[in-house]
Amino acid sequence: MNEQVLQQLEKKLSEKFPFGIPRKEIGRATGNVLHPRTQANLDCLGQGIKGRFKIGRNTIYPVQNVIDFLQSKMTTAA
1374 MNEQVLQQLE KKLSEKFPFG IPRKEIGRAT GNVLHPRTQA NLDCLGQGIK
1424 GRFKIGRNTI YPVQNVIDFL QSKMTTAA
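Written as structure tokens, this is what we have:
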């Protein structure tokens, strides 16, 4: 089931954010699972979403890397 959810999320995010997800939109894009300030802190520690790039002052995350990051953080509930 997790795989189906991630595939649906990837499709929706790719349609809405074809060039990547801006950090300031990461909360809305992921249903508030990820928070922009937390991502900024993780980036500073070198533990954030890989492949980020900047356009002006905006940090952008590639959609597939966001999906991979979410997948790496997923656990099953007991």
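First residue of the sequence shown? That's 1374 in our numbering, and the numbers climb one at a time after it. For every residue, glycine included, the Cβ atom is placed at its ideal position computed from N, Cα and C.
Here the C-alpha atom of Val1436 lies approximately 12 Å from the C-alpha atom of Gln1444.
When DSSP reads this structure, Asn1431 sits in a beta bridge with Ile1428. Taking the Cα of Gly1429 as reference, the smallest distance to any Cα among Lys1446, Asn1375, Arg1396 is reached at Arg1396. Annotated three-state conformation of Ile1394 is strand, per DSSP.
About 6 Å separates the Cβ atoms of Ala1402 and Leu1386, confirming a contact at the 8 Å cut-off. Here Tyr1434 has Gly1393, Ile1394, Ile1422, Arg1425 as same chain residues with Cβ atoms under 6 Å from its own Cβ, once five neighbours each way along the sequence are excluded.
The beta carbons of Gln1412 and Ile1399 sit closer together than 8 Å.
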